[in-house]
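Presented below is the structure to which this report refers.
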Amino acid sequence: MKQQRFDIDLDKHYNATVVIACEECGRETRMHLKSLLPDHALRCRCGADISMGAPEIQKAERQADAIRQSYRIH
Ligand SMILES: [Zn+2]
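When we follow our numbering, the leftmost residue of the sequence shown carries the number 12, and every step to the right adds one.
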């Protein structure tokens, strides 16, 4: 299964945004983590498939939790 590259951003309300990097054109697509559905078809503007599977979404949620905890320490 293809691994999607992504980064996590938190806004000031600690809502997580997933920034998915397209493998074809490099364009970044931002999606709220809560609105991401496993294996839901997502397309970059160039037409490439940038959907994320359930394991990747779980990984994204763990990363968002880790970022939230690091914010609370400071
Ligand atoms: Zn693309």
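Cβ atoms here follow ideal geometry from the backbone N, Cα and C, with glycine treated the same way.
As the structure is a prediction and not an experimental result, all values here were calculated from the model.
The Cβ neighbour count for glutamate 35, taken over all protein chains shown within 10 Å, is under 16; the residue is labelled exposed.
For isoleucine 31, the enclosing beta strand (DSSP E) stretches over residues 27 to 32. Near ligand 1, residues with a Cβ at less than 5 Å from any of the ligand's heavy atoms are Cys33, Glu35, Cys36, Arg38, Cys55, Cys57, Ala59; the list follows chain order. Closest in C-alpha terms to leucine 48, from the list Leu21, Glu39, Val29, Cys33, comes Val29. The beta-carbon distance between alanine 75 and alanine 27, rounded to whole angstroms, is 4 Å. This is short enough to meet the 8 Å contact definition. Here DSSP, grouped into helix, strand and coil, assigns glutamate 39 to strand.
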